[in-house]
Each structure stands twice: as structure tokens, then as C-alpha cells.
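One structure below.
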Amino acid sequence: MTSPMSGQIGDHPQRRCGSCTACCDGWLQIEVRGHVVSRGKPCPFSTGHDCTIYEERPEDPCQKFKCGWLIARSPLPEWMRPDQAGMILLPAQLRWNELGVDVAVAVGEAPKTKALTWLKAFCETYRRPLLYQVGTVWHAFGPEAFQLEMRAAMARGETIW
Ligand code: SF4
Ligand code: SF4
Numbered sequence: 002m003t004s005p006m007s008g009q010i011g012d013h014p015q016r017r018c019g020s021c022t023a024c025c026d027g028w029l030q031i032e033v034r035g036h037v038v039s040r041g042k043p044c045p046f047s048t049g050h051d052c053t054i055y056e057e058r059p060e061d062p063c064q065k066f067k068c069g070w071l072i073a074r075s076p077l078p079e080w081m082r083p084d085q086a087g088m089i090l091l092p093a094q095l096r097w098n099e100l101g102v103d104v105a106v107a108v109g110e111a112p113k114t115k116a117l118t119w120l121k122a123f124c125e126t127y128r129r130p131l132l133y134q135v136g137t138v139w140h141a142f143g144p145e146a147f148q149l150e151m152r153a154a155m156a157r158g159e160t161i162w
């Protein structure tokens, strides 16, 4: 099976963030010019629809970050832009049994049902284990052994991502 996040599927070289600021608004934990951005604490330079220091935004993390929807040749459909899908997909953030594990960070309380359904079907087709977030709780989807391992790690209080 072709690896879908390696640029083999989809063809969206011209995608732009547009009015999406999901990665600036605290759903991802980042640090920008000394400001810790985390759930409930958006970047102070985000207006909620654009960046007030866009031209001078830092290289790391701002300029170099591309979510799974924005990357060239993303397999995610147009309607799954993070602010509309309720999730930021981060492809292959960790490895499990030689497989890349995708991570879907919730934008808001939880991913939209349609988006999560699409993503699960995609991950099943391409054998990509998935971690997705509902509220502050992580859920594992994929092979049973992966689910069991992730649940056990969480039960031990380990941070799985
Ligand atoms: S989450 Fe993705 S599409 Fe949205 S602003 Fe960030 S990089 Fe752009
Ligand atoms: S500086 Fe701009 S691009 Fe960087 S996180 Fe803040 S709002 Fe987003």
C-alpha cells in the first residue's frame, strides 16, 4: 500500500492557511517569543483569524510549521482544513512497530464527527495507527495491540504524545 503522507496521494501544492489559525490558538502547545501557547492560552499575536506579526513571525515554530492538511500533496480533502474539521493532523509523529503513528489534535472540544470518520477510514486503509484527542483525553485507533499498548501507557500515567 502506498504511504499516503509521503506525497504519493493528493495534489494540493497551492493550499494556503487562509483564515485558519488553529495552530496559533492554543490547541498545540508551542512557545512563541517567550509566550507559552497552550489550551486556553492562544498566541498573543493571533487575532483568531490572522497573525499581527506575520512578516516578522519567528522561523521556529511559526514559519516552519505545516500541518497535515497544508503539506504539499496532502491526502486530506479540502473540507478538512483544521478550523473546519476540528482537528490538526500531525502525520507520523511517533513510531509503533515500524509504523508511523498519526496524531489528531482537537481544535475545540473534539474533532468533527465527519472528519474523524474520514480519518479513521483513511488510517484503516493505509494501516496507519492513530491517536486522536477528545477534550484532554487521548484515544488510540488501529491494531488491537497498539490500542492495548497505548491504553496501558495512559493508565500508568505516561504521556503518549
Ligand atoms: S493548522 Fe494548518 S492550515 Fe491552520 S493555520 Fe496552522 S498550518 Fe495553516
Ligand atoms: S506569531 Fe503569528 S504565526 Fe506564530 S503562533 Fe502567533 S499568531 Fe501564529
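In this note's numbering, the protein residues as written are 2 to 162.
Glycine residues also receive a C-beta, built at the ideal position from the N, C-alpha and C atoms.
Nothing here was measured: the structure is a model prediction, and the numbers come from that model.
Around the C-beta of T160, are 16 or more other C-beta atoms found within 10 angstroms, so that it is buried, or is it exposed? Looking up residue 160 in the sequence shown gives position 159. Exposed is the call here.
Check whether the Cβ atoms of G136 and A116 sit closer than 8 Å, and answer yes or no. Within the sequence shown, residue 136 is the residue found at index 135, counting from 1. Within the sequence shown, residue 116 is the residue found at index 115, counting from 1. In this structure, A116 does not lie closer than 8 Å to G136 by Cβ.
Tell me whether the beta-carbon of L100 lies closer than 8 Å to the beta-carbon of P76. Stepping through the sequence shown from its first residue, residue 100 is reached at position 99. Stepping through the sequence shown from its first residue, residue 76 is reached at position 75. No, Cβ-Cβ distance for L100 and P76 is not below 8 Å.
Every unbroken alpha helix (DSSP H) within the region 59–104, with a cutoff of 4 residues, ordered by chain: 83–86
Measure from the alpha carbon of E79 to the alpha carbon of each residue in E60, L29, C18, then state which is nearest. What you label residue 79 is simply residue 78 of the sequence shown in a count that begins at 1. Closest by alpha carbon: C18.
I'd like the span of the beta strand (DSSP E) that includes W139, first residue to last. Residue mapping note: residue 139 aligns to position 138 of the sequence shown, counting from 1. That run of the beta strand (DSSP E) goes 138–142.
Exposure of L149, with buried meaning 16 or more beta-carbon neighbours within 10 Å: In the sequence shown, counting from the first residue as 1, residue 149 sits at position 148. Result: exposed.
Once DSSP output is grouped into helix, strand and coil, what is the label at E111? Looking up residue 111 in the sequence shown gives position 110. Looking at the sequence provided, one finds Ala at residue 111 rather than Glu. Coil at A111, not helix or strand.
Could you tell me if the beta carbon of F46 falls within a distance shorter than 7 Å of some heavy atom in ligand 2? Numbered from its first residue, the sequence shown carries residue 46 at position 45. Within 7 Å of the C-beta of F46 there is at least one heavy atom belonging to ligand 2.
Three-state secondary structure (DSSP) at E56? For the purposes of this step, residue 56 is identified with residue 55 of the sequence shown, where counting begins at 1. Of the three classes helix, strand and coil, the one that applies to E56 here is helix, per DSSP.
To the nearest angstrom, report how far apart E56 and R152 are at their CA atoms. Counting from 1 along the sequence shown, the entry for residue 56 is found at position 55. Counting from 1 along the sequence shown, the entry for residue 152 is found at position 151. Spanning the two alpha carbons is a distance of roughly 43 Å.
With a cut-off of 7 Å, give the chain-ordered residues whose Cβ is closer than this to any heavy atom of ligand 1. Applying a distance threshold of 7 Å between residue Cβ atoms and the heavy atoms of ligand 1 selects C18, C21, T22, A23, C24, C25, F66, K67, C68, W70, L71, R82, P83, D84, I89, given in chain order.
Pull up the distance between the alpha-carbon of E125 and that of G143, whole angstroms please. For this step, residue 125 is matched to residue 124 along the sequence shown. For this step, residue 143 is matched to residue 142 along the sequence shown. Their backbone Cα atoms lie some 7 Å apart in a straight line.
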